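First to last, the sequence lines map onto chains G and E.
This note's numbering numbers the first residue of the first sequence as 34 and each following residue consecutively.
This note's numbering numbers the first residue of the second sequence as 34 and each following residue consecutively.
The beta-carbon is built from N, C-alpha and C at its ideal position, and this holds for glycine as well.
Note that the coordinates shown come from a computational prediction; the quantities given were computed from them, not determined experimentally.
These notes are about the structure you will find just below.
Protein chains: 2
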Amino acid sequence: MKKMQEMILAEGKVLPGGILKVGSFLNQKIDTAFLAEMAEEIARLYGGCGVNKILTVESSGIAIAAAVGIVMKVPVVFAKKHRSSNVDGETYGADVHSFTHGTDYRMVVSRDYIGPEDRVLLVDDFLANGQALNGLIKIVEQAGAELVGCAIAIEKCFQGGGDALREKGIRVESLGMIESMTDDSITFRV
Amino acid sequence: MKKMQEMILAEGKVLPGGILKVGSFLNQKIDTAFLAEMAEEIARLYGGCGVNKILTVESSGIAIAAAVGIVMKVPVVFAKKHRSSNVDGETYGADVHSFTHGTDYRMVVSRDYIGPEDRVLLVDDFLANGQALNGLIKIVEQAGAELVGCAIAIEKCFQGGGDALREKGIRVESLGMIESMTDDSITFRV
């Protein structure tokens, strides 16, 4: 998506440690006109695939997931992050390590909100190592639902999470794909 | 909003401790068709008020704030919740006590994302004691921005937060207003 590349180049800031800061349009502050454009593009990419549920994880994935859900006219479910890994019988869950924050958490979804009848599209703002997506995929598997694919705003290809999923045969569509990044340059995969 | 009353009656569950569970359509699982209707109604209520920014707090307020932002064509900013109350020079912040979770947190917003030029609409999914809204109002004040009003999906009137704000002259619009609630009945304020 050409506009995503333009937005990243215009607004993104590269911070030490391979962090791309896009808080001015994608998270913390959300450019809602662009959010609507992203949602339309994701709905176009996954149109005709029979998606009947969108799954994301709190909190920065919620805005884009909700926008996609409105366009695709399907419900959105978001996993909650818990600090403990307590397991109860009422939830699906997966333990996730966040490299960004250096923390572990458990993502959980009520069993009421996803099930074998669901064809699920995973939506998130960022894809780096793929830890969050892998957690969501475990939840889809536990629910006996079908994974249609993943839709991501920005993929940091150099961290390998997206390609590892593609190698497993999972469809991953990222609106902006960053092949490499230095303090003063960003190279996109096209 | 009549539809909100219908949704609460059809889908809501009253739990011990005055908790209303609406996870099946408002948070955790989001009915996106209804989300779009809520956004249209809030945009109608605050149309012509010169709102140029929407402010909410992670994470369950993000979906409705994003939907309103798309309809009103204004950016959405969400405050992040931090566990510590460390203050740095780059953020506005307010310490908040959550009665729901029995915890304290600090909500913070980067100074880059809100300022004196902003006319701010606060959007959230729930209004009970008003702790979260009061925190957001402090941030609006710190930024030197103007508070236009508040738009809430569900207000639990019996917890008093909304009326306390109205007594201060702040406009508060809630799509569903619960006057009282028992294990087997819900009474709306109309």
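Distance between residue j and residue i (C-alpha atoms, nearest Å)
{"i": "V90(E)", "j": "V142(E)", "result": "9 Å"}
{"i": "M71(E)", "j": "V101(E)", "result": "8 Å"}
{"i": "M105(E)", "j": "A96(E)", "result": "14 Å"}
{"i": "E73(E)", "j": "D217(G)", "result": "42 Å"}
{"i": "T201(E)", "j": "L88(E)", "result": "First, the amino acid is wrong: residue 201(E) is Lys here, not Thr. Cα to Cα, K201(E) sits roughly 20 Å from L88(E)."}
{"i": "Y125(G)", "j": "A112(G)", "result": "9 Å"}
{"i": "G51(G)", "j": "K171(E)", "result": "34 Å"}
{"i": "L169(E)", "j": "Q192(E)", "result": "18 Å"}
{"i": "V109(G)", "j": "E150(E)", "result": "34 Å"}
{"i": "Y138(G)", "j": "G81(E)", "result": "43 Å"}
{"i": "K46(E)", "j": "S93(E)", "result": "18 Å"}
{"i": "D128(E)", "j": "T133(G)", "result": "25 Å"}
{"i": "A43(E)", "j": "G135(E)", "result": "29 Å"}
{"i": "G177(E)", "j": "Y146(E)", "result": "12 Å"}
{"i": "S131(E)", "j": "H115(E)", "result": "13 Å"}
{"i": "N162(E)", "j": "M214(G)", "result": "46 Å"}
{"i": "M40(G)", "j": "D64(G)", "result": "10 Å"}
{"i": "L53(G)", "j": "A66(E)", "result": "33 Å"}
7 Å Cβ shell around residue i - same chain, five flanking residues per side excluded
{"i": "R222(E)", "result": "C190, M210 and E212"}
{"i": "G203(G)", "result": "Here residue 203(G) is Ile; the residue named in the question, Gly, does not match the sequence. L180, G182 and C183, listed in sequence order."}
{"i": "L154(E)", "result": "Y79, V84, I87, V181, G182 and A184"}
{"i": "V107(E)", "result": "V84, N85, K86 and I87"}
{"i": "A98(E)", "result": "I87, T89, V109, F111 and V156"}
{"i": "R199(E)", "result": "V205"}
{"i": "L68(E)", "result": "A96, I97 and A100"}
{"i": "G56(E)", "result": "K62"}
Contacts around residue i, its chain only, beta-carbon distance under 6 Å, and the 5 residues preceding and following it disregarded
{"i": "E188(G)", "result": "L160, G195, S207 and M210"}
{"i": "G148(E)", "result": "A176"}
Beta-bridge partners of residue i, as assigned by DSSP
{"i": "M210(G)", "result": "E188(G)"}
{"i": "D216(E)", "result": "Bridge partners of D216(E): none, in fact."}
{"i": "A69(G)", "result": "A69(G) pairs with nothing; no bridge assigned."}
{"i": "Y138(E)", "result": "V129(E)"}
{"i": "S92(G)", "result": "Per DSSP, none; premise fails for S92(G)."}
{"i": "L180(G)", "result": "V153(G)"}
{"i": "F58(G)", "result": "BP columns for F58(G) are empty, so no partner."}
Same chain, Cβ closer than 8 Å to residue i, neighbours up to 5 away in sequence not counted
{"i": "G83(G)", "result": "R152 and V181"}
{"i": "A76(E)", "result": "V101, V104 and M105"}
{"i": "N60(E)", "result": "S93, A96 and D158"}
{"i": "A186(G)", "result": "M37, L59, M71, I97, D157, D158, F159, S207, L208 and G209"}
Notebook entry, point to check: Closer than 8 Å, Cβ to any Cβ of chain E: which residues of the region 106-136 of chain G, in chain order?
Noted result: Along the region 106-136 of chain G, going in chain order, the ones with a CB nearer than 8 Å to a CB of chain E are K106, V107, P108, V109, V110, F111 and K113.
Check: What are the residues of the region 89-102 of chain E that lie near chain G, defined by any Cβ-Cβ distance shorter than 7 Å?
Finding: Within the region 89-102 of chain E, the residues whose Cβ lies closer than 7 Å to some Cβ of chain G are E91, S92, I95, A96, A99, A100 and G102, listed in chain order.
Note to self: Below 8 Å, how does it come out for the region 36-46 of chain G and the region 136-156 of chain G: are there three or more Cβ pairs, yes or no?
What the structure shows: They do not touch, by the three-pair rule.
Margin query: Against chain E, which members of the region 166-178 of chain G pass a CB distance test of less than 8 Å?
Written below: Per Cβ criterion, the list is empty.
Check: Got a sec: which bits of the region 60-85 of chain E sit with their beta carbon under 7 Å from any beta carbon on chain G, in order along the chain?
Finding: Interface annotation for the region 60-85 of chain E against chain G: Q61, K62, I63, D64, T65, A66, L68 and A69, criterion Cβ-Cβ distance under 7 Å.
Next item on the list: Using a Cβ-Cβ cut-off of less than 9 Å, list which residues of the region 42-61 of chain G approach chain E; keep chain order.
Entry: If the cut-off is 9 Å between Cβ atoms, the region 42-61 of chain G has G56, S57, F58, N60 and Q61 near chain E.
Next item on the list: Please list the residues of the region 133-159 of chain G that have a C-beta atom closer than 8 Å to any C-beta atom in chain E, keeping them in chain order.
Entry: Answer set for the region 133-159 of chain G: V142, S143, D145 and Y146.
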